Each structure stands twice: as structure tokens, then as C-alpha cells.
Amino acid sequence: MGKSQTSSPQIRPLDRAFFNRHPRTVARALLGKVLVRDDGPRLTARIVEVEAYLGIEDAAAHAAAGSTARNSVLFGPPGHAYVYFIYGNHYCLNVSCEPEGRAGCVLFRALEPIFGLEEMAHARGVELRGPKDLPKLTSGPGRLCAAFGITRVRDNGHDLTQPGSGLWIGEDGYRARGIQVSPRIGITKAVEQPLRYFLTAKSAFVSGRKRFPSAVDTRV
DNA sequence: ATATCGATTATCT
DNA sequence: GATAATCGATATG
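Anchor point for the first sequence: position 153 equals 153 in my numbering, and the numbering is continuous, going up by one each time.
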């Protein structure tokens, strides 16, 4: 068994307890972790930008109006994928948080591609000419879903703590440092809440404006 | 560099 | 019928 490709460390899945916490806590803790697709060509990418949504008490959250056919996964057990379709064009990926009955979640906003770059480029319909093109693969909630082939039919409700079954989240020993906080992007309610988290060191892969006006460095 | 705008459809009022 | 947790293209400085 030769360790052929890049000598990437072993990736261990996150357990249910990891997600059974407040969305703010899970959001921070997810930075630096790895999203893995393993039901086809293997894809891995590091989580570098996320947003927390706080459930029924959060006016900007899909769960604000209670449980519906679309968002029911949010009210289920933690660690499951909530995938929704938006603007007639894009899918977005979230992971449910908190105990069953509470609807908090974390939105995946940007990743740093690690493995399977050509597959991601093909799925995104972009050409990889150099390092400058890498952010085009997974910088943005819609883009990362396209790169990973994430759709509602395929992935909504999937248990993200289970390796070998398609889509899951793991850790490879990377230690997140330099976490910044800012208001969330693209919402029209509760716009002031500082619930967007991203890694300064990975800013090239973070979506939107590089320097957010009210971003705060929390020096971790 | 930032600003504005159109695409396109599931979901909810 | 209106809206939306976006993206890519176009226009302008």
C-alpha cells in the first residue's frame, strides 16, 4: 500500500456530540475541519468560512417560522445535512446542531480544496490553469456544493458523522488559528449579528469581500 | 476596485 | 404572487 498522492494525514470523523452544542460553538469548532466525499471519486477540502443560524429565535434562519417540509432536518438530531435550493440556481449545505427539537445549524460558506481538485473543477465547469483558480472551486456556499456534487435529493438528511457512506466531516490534526468574526452575508433580517466565522490565514479561499468592515479578529 | 443586475425555481403567504 | 443564507457578467471609477 503506497501512500502515493499527497501524504495527507488520516482523517477521523467527528462524532454526534461535536454537533450537539450551540451553533456558535459548532461554527467556531468546524473551522479547520475537513469535508469529505467518499461515495465516488474521493474529494476533501478544509472548512475555512461558516455561519451560525440559531433556530426559531433567529429571524434570519430558515427555522424561524417553525418546522416545514423543507427544513424538517433542522429539528432532528445533530450532525445531519440540511441542503436547500436557492435563487433557482444553487444548493447550500448546513449541518444540524443542538439536541433534537432545537433547530440551530451551521452553513458552510467556503472551503480550501485539498484532494480531488480536477474532479471539483469538472463539476464546477471551470478550468484549472494555476493556483489562482483554486478559490473558484469552493469559495461560496453555492460553489462548494457544486464542486462536491451536493444536491437536496442526494444529500439532504444525510448523517455527516458516518464515513464511507457518502458525505462526512472529519479532523486531520490541523489547528485553526486567527478566527475572525463578522455579520452574516446575503440576509435581510438580523443583519447585525456577528455570526460569520472565517480563518484569516485562508482568506484567499474565503467568499465575498476579503476585508469585511466590521470583522473582528478573535486571536485564538 | 465596488456596484448593479438578471437568471431561475422551490417554497411559503 | 413574492421571496430568497447566490453567482457570474457587465458597467463604471
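Backbone N, C-alpha and C define an ideal beta-carbon position, used for all residues, glycine too.
What you are looking at is a predicted structure, and each value in this text was computed from that prediction instead of being measured.
Local Cβ density within 10 Å of LYS189, reported as buried at 16 or more and exposed below that
As a first step, residue 189 is located in the first sequence; it is residue number 189 there, counting from the start. Counting Cβ neighbours within 10 Å, LYS189 comes out exposed, since fewer than 16 surround it.
Rounded to whole angstroms, what is the Cα-Cα separation between LEU117 and VAL73?
What you label residue 117 is simply residue 117 of the first sequence in a count that begins at 1. What you label residue 73 is simply residue 73 of the first sequence in a count that begins at 1. Those two C-alpha atoms are separated by around 30 Å.
Alpha carbon to alpha carbon, what distance is there between GLU51 and ALA60?
Start at 1 with the first residue of the first sequence, and residue 60 comes out as number 60. Start at 1 with the first residue of the first sequence, and residue 51 comes out as number 51. Their Cα atoms are separated by approximately 11 Å.
Boundaries of the alpha helix (DSSP H) in which HIS122 is found, first to last residue:
Stepping through the first sequence from its first residue, residue 122 is reached at position 122. Its alpha helix (DSSP H) spans residues 117–124.
Give the straight-line distance between the Cα atoms of ARG16 and LYS33, rounded to the nearest whole angstrom.
Along the first sequence, read from residue 1 onward, the residue named residue 16 stands at position 16. Along the first sequence, read from residue 1 onward, the residue named residue 33 stands at position 33. Approximately 15 Å between the Cα atoms of the pair.
Using 8 Å as the cut-off, can you tell me whether the segment 110–124 makes contact with the segment 63–81, which would need three or more C-beta pairs spanning the two stretches below that distance?
no
In angstroms, rounded to a whole number, what distance separates the CA positions of ILE86 and TRP168?
Taking the first residue of the first sequence as 1, we reach residue 86 at position 86. Taking the first residue of the first sequence as 1, we reach residue 168 at position 168. Going by the C-alpha atoms only, they are around 22 Å apart.
Rounded C-beta distance between GLY104 and SER207? I'm assuming under 8 Å.
Against the first sequence, residue 104 aligns to sequence position 104. Against the first sequence, residue 207 aligns to sequence position 207. GLY104 to SER207, Cβ: 21 Å. No contact.
Return the CA-CA distance between GLU100 and GLY130, expressed in angstroms with no decimal places.
Walking along the first sequence from the start, residue 100 turns up at place 100. Walking along the first sequence from the start, residue 130 turns up at place 130. Approximately 44 Å, taken between the alpha carbons.
Within a Cβ cutoff of 6 Å, which residues of the same chain sit near GLY142, ignoring the five residues on either side of it in sequence?
As a working note, residue 142 is residue 142 in the first sequence. So the qualifying residues of the chain are HIS90.
Can you tell me whether GLY164 is buried or exposed, with buried defined as 16 or more other CB within 10 angstroms of its CB?
Stepping through the first sequence from its first residue, residue 164 is reached at position 164. Exposed, since its Cβ has fewer than 16 Cβ neighbours within 10 Å.
Under the three-state DSSP convention, the category PRO239 falls into:
This structure does not reach residue 239, given that the chain is present from 1 up to 220, and the question cannot be answered.
Please confirm whether PRO113 and ALA45 have their CB atoms less than 8 Å apart.
Reading the first sequence from its first residue, position 113 is the one you call residue 113. Reading the first sequence from its first residue, position 45 is the one you call residue 45. Yes, Cβ-Cβ distance for PRO113 and ALA45 is below 8 Å.
Under a three-way DSSP split, which group does ILE179 fall into?
Numbered from its first residue, the first sequence carries residue 179 at position 179. The answer is strand: DSSP assigns ILE179 an E or B state.
Can the beta-carbon of ILE11 be found less than 8 Å from the beta-carbon of VAL48?
Residue 11 sits at position 11 when you count from the first residue of the first sequence. Residue 48 sits at position 48 when you count from the first residue of the first sequence. No, they are not a contact pair.
Run the CB neighbour count on PRO9, radius 10 Å, all protein chains shown included, and call it buried at 16 or more, exposed below.
The count along the first sequence starts at 1 and reaches residue 9 at position 9. When all chains shown are included, PRO9 counts as exposed.
List the whole-angstrom C-beta distance separating THR138 from LEU111, where the pair is believed to meet the contact cut-off of C-beta under 8 Å.
Counted from its first residue, the first sequence places residue 138 at position 138. Counted from its first residue, the first sequence places residue 111 at position 111. Yes, THR138 and LEU111 are in contact; Cβ-Cβ is about 4 Å, under 8 Å.
Which of helix, strand or coil DSSP assigns to ASP172
For this step, residue 172 is matched to residue 172 along the first sequence. Coil, per DSSP.
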